[in-house]
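Residue numbers (my numbering), protein chains in the order written: chain A, 148 to 377; chain B, 9 to 160.
For glycine and all other residues, C-beta sits at the position ideal for the given N, C-alpha and C.
Everything numeric in this text was worked out from a predicted model, so none of it was measured.
Only one structure is covered here, and it is reproduced in the block below.
Spelled out as structure tokens, the structure:
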């Protein structure tokens, strides 16, 4: 009887150990899975919750494995239960601790990466802005220079055109002046003649007229004009 | 009395025209018969011209007022008149028959031909005269002298 009891106890212990080992293996597998998930840097609250749920499920399954066995000794049974539960709780806590640690590490690393990325982005942005500023400045200077050159060239062309227009205008003015002077001279001569004629006409007498006609006739005779008459 | 006596009164082309008209009129009335030739001559020719015409007939020995001979004499006169030379004279105003007669005498002495003057009055001449014969001019006017002076 005593031997049987001892044997059963040993068997139970072995079963408990096997159960613990299986639970540990489950835990290790979950930890590995968590690590893999950590590597993928995709932990979040839902993932952690899911892992805890899986862990609890594994503990329950382990207990179910143990419960069907018929313990002769209630005291021994309770002891096994108690120790097994304690062991599982410890495993659970340890797993959670590890998970928490891993999660914290991941968060920290994630934050670090984010911060680094942010710094890099800021730095890159600043450099890009500076670079763009430099390019713009350079292009602006180039544009200013081209504009300056074109302005000088345009001013030259405009000045030449103005000078040409001025010369043409001066020639036209001179020509116009010449024409006007000629017209004025002609008008003055005509007016002078009209005035002179009027003055002579008013002052010439009938006797003068008659005398002039006879004088002209005598001159014509002198010139032999009337010898042409036949 | 020579033919020249009758022509002596002809100074201008207007005089020539008047004489031609009178001679033509007389020629047309010679054979009308309503009046005597003396009556017609007295009506048509006036003053000196009438006596000159009679002198002309006398010179031609046409004493009896024979219509046929008178007609011949008129034709001769018209023929001679048509052959008179015409000199155009442009002047500022009509100078009167005395001056024109003086001018014509000078011209005829120089040319030795019976001549009459075609008088044209032009205001712009001012003073002096322009003679023209057969398209050739001789001008001596105050206007011309002024224009020459102004242009110089």
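Original post:
Three-state secondary structure (DSSP) at residue 97(A)?
Top reply: The structure shown does not extend to residue 97(A), since chain A is modelled only from 148 through 377, so no value can be given for it.
Subject >> Paired residues, beta bridge with residue 98(B) - DSSP >> reply: 128(B) and 138(B)
**OP:** Provide the residue(s) that pair with residue 208(A) in DSSP beta bridges, ordered along the chain.
**Re:** Bridge partners of residue 208(A): none, in fact.
**OP:** Answer yes or no: does any C-beta atom of chain A fall closer than 8 angstroms to that of residue 96(B)?
**Re:** no
Original post:
Is the Cβ of residue 123(B) closer than 8 angstroms to any Cβ of chain A?
Top reply: yes
Original post:
Should residue 118(B) go down as buried or exposed, given a rule of 16 or more other Cβ atoms within 10 Å for buried?
Top reply: buried
Original post:
Any idea what DSSP makes of residue 352(A), helix, strand or coil?
Top reply: coil
Original post:
With DSSP run on the structure shown, which of helix, strand or coil describes residue 372(A)?
Top reply: helix
**OP:** State yes or no: is the C-beta of residue 363(A) within less than 8 angstroms of the C-beta of residue 81(B)?
**Re:** no
Original post:
So is residue 329(A) in contact with chain B if we call contact Cβ pairs under 8 angstroms?
Top reply: no
Original post:
Taking only beta-carbon atoms, is residue 93(B) less than 8 angstroms away from chain A?
Top reply: yes
Original post:
How should residue 370(A) be labelled, buried or exposed, when 16 other C-beta atoms within 10 angstroms of its C-beta is the threshold for buried?
Top reply: exposed
Original post:
Straight-line CA distance for residue 239(A) to residue 232(A)?
Top reply: 10 angstroms
Subject >> Interface residues of chain A facing residue 141(B) [CB-CB closer than 8 angstroms] >> reply: 372, 373, 375 and 376
Subject >> Interface partners of residue 348(A) on chain B, CB under 9 angstroms >> reply: 100, 131, 134, 135 and 150
Subject >> Sequence-distant residues of the same chain with beta carbon closer than 6 angstroms to residue 307(A), five excluded per side >> reply: none
Original post:
Any idea if residue 273(A) is buried or exposed, counting beta-carbon neighbours within 10 angstroms, 16 or more meaning buried?
Top reply: exposed
Original post:
Is residue 92(B) near residue 113(B), with beta carbons less than 8 angstroms apart?
Top reply: no
**OP:** Whole angstroms is fine: what's the gap from residue 108(B)'s alpha carbon to residue 47(B)'s?
**Re:** 33 angstroms
**OP:** Mind checking the stretch 349-368 of chain A against chain B and listing, in chain order, the residues whose C-beta falls within less than 7 angstroms of any C-beta there?
**Re:** 351, 355, 356, 357, 359, 360, 361, 363, 364, 365, 366, 367 and 368
Original post:
Name the chain A residues that come within less than 8 angstroms of residue 144(B), Cβ to Cβ?
Top reply: 372 and 375
Subject >> Contact under 8 angstroms by Cβ, residue 105(B) with residue 133(B) >> reply: no
**OP:** Taking only the alpha-carbon atoms, compute the straight-line gap between residue 222(A) and residue 251(A) and give it to the nearest angstrom.
**Re:** 42 angstroms
Original post:
How many angstroms separate the CA atom of residue 11(B) from the CA atom of residue 366(A)?
Top reply: Per-residue confidence for residue 11(B) stands at a pLDDT of 48, beneath the threshold of 50, marking its modelled position as unreliable; the derived number appears in the next sentence. If I take the Cα positions, the gap works out to 30 angstroms.
Subject >> Interface partners of residue 344(A) on chain B, CB under 7 angstroms >> reply: 134, 151 and 154
Original post:
Closest Cβ-Cβ distance between residue 119(B) and chain A: below 8 angstroms?
Top reply: yes
Original post:
Does the Cβ of residue 15(B) have 16 or more other Cβ atoms within 10 Å, making it buried, or fewer, making it exposed?
Top reply: buried
Original post:
Can you tell me the Cα-Cα spacing of residue 344(A) and residue 100(B), whole angstroms?
Top reply: 12 angstroms
**OP:** Quick one: residues in its chain with C-beta nearer than 6 angstroms to the C-beta of residue 9(B), no 5 flanking neighbours on either side, listed in chain order?
**Re:** Bear in mind that the predicted position of residue 9(B) carries a pLDDT of just 35, short of 50, making it too unreliable to give a figure here.
Original post:
Got a sec: which bits of the stretch 103-119 of chain B sit with their beta carbon under 7 angstroms from any beta carbon on chain A, in order along the chain?
Top reply: 103, 107, 110, 111, 114, 115, 118 and 119
Original post:
What residues match up with residue 144(B) in a beta bridge as DSSP calls it?
Top reply: 141(B)
**OP:** Round the Cβ separation of residue 103(B) and residue 360(A) to the nearest angstrom and send it over; I've been treating them as touching at under 8 angstroms.
**Re:** 6 angstroms
Subject >> Inter-residue Cα distance where the pair is residue 65(B) and residue 26(B) >> reply: 19 angstroms
Original post:
In terms of DSSP beta bridges, what is residue 93(B) paired with?
Top reply: 123(B)
Subject >> Beta-carbon gap between residue 95(B) and residue 115(B) smaller than 8 angstroms >> reply: yes
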